Amino acid sequence: MTPDEAALVITSYYFAPAGGGRWGVTLEDFAQAARGRWPNCTTALTEDDSGVAESAEFAMIFEGGAERSGEYSHTGLTLTGYTALDAAEFMSWFVAMLDSDVRVLFNNRESIEDGDYDDHVLPRAMGLRPMAEALATHLAGALVGE
1 MTPDEAALVI
11 TSYYFAPAGG
21 GRWGVTLEDF
31 AQAARGRWPN
41 CTTALTEDDS
51 GVAESAEFAM
61 IFEGGAERSG
71 EYSHTGLTLT
81 GYTALDAAEF
91 MSWFVAMLDS
101 DVRVLFNNRE
111 SIEDGDYDDH
121 VLPRAMGLRP
131 MAEALATHLA
141 GALVGE
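Numbered by full-length UniProt numbering, the letters in the sequence shown go through residues 1 to 146 in order.
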């Protein structure tokens, strides 16, 4: 499978700040910014057993009618049901909220199922296209191995 073909495959993508760090964006700020970016976005904070918010679940409809969802926490971000192009669009928006020195690591469901537990650095300095290419190329490698 080529990266161009893989770019259209729907999967789950996983992102985390390098070194086990934190994003530096509160759950509330993330939820508010997501609703500002996607007016149809719905968000819900989830709490742990003690009532402390631990993540923000979100769902929205992208242009073209594609429904996408995910979950944000202080130490990770999961995008469920995304193409590489949609994930890159989301991440290009998200990384703009981060400090410029925060390295973002990524992986996808197929690669993990294929035994690739290594995290890969998301190229965030050059915009949407390099992000989409990195996500699609990595996914294509896993799909060829199936």
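Heads up, the beta-carbon is just placed ideally off N, CA and C, and yes, glycines get one too. These numbers were taken from a predicted model, which means no experiment stands behind them.
Member of the options whose CA lies at the smallest distance from the CA of residue i
i: G115; options: N107, A134, W23; result: N107
i: A88; options: A142, T26, V104; result: V104
i: P17; options: F58, C41, V102; result: V102
i: L122; options: S92, M97, T78; result: S92
i: L85; options: E133, Q32, S100; result: E133
i: G70; options: S50, E63, F94; result: F94
i: T75; options: G36, V52, G21, H120; result: G21
i: A7; options: T137, V144, F90; result: T137
i: T43; options: G51, D49, A34; result: A34
i: L77; options: L139, M1, G24, D4; result: G24
i: D65; options: C41, S50, D118; result: As written in the sequence, residue 65 is Gly, which differs from the Asp given in the question. Taking only the C-alpha atoms, the option nearest G65 is C41.
i: D118; options: A142, M131, P130; result: A142
i: I61; options: W38, E47, L79, T80; result: W38
Simplified DSSP state of residue i, which is helix, strand or coil
i: T11; result: strand
i: A125; result: coil
Cβ-based burial, residue i [other Cβ within 10 Å; buried from 16]
i: Y72; result: buried
i: M126; result: exposed
i: M97; result: exposed
i: R68; result: buried
i: L128; result: exposed
i: T26; result: exposed
i: R124; result: buried
Contact belief for residue i with residue j at Cβ below 8 Å, rounded distance in angstroms
i: T11; j: E110; result: 6 Å
i: A31; j: A59; result: The pair is not a contact, with the Cβ atoms about 12 Å apart (cut-off 8 Å).
i: Y13; j: Y82; result: 6 Å
>> As an exercise, report each continuous alpha helix (DSSP H) stretch of at least 4 residues that is fully enclosed by the region 34–121, in chain order.
In response: 84–95, 109–113
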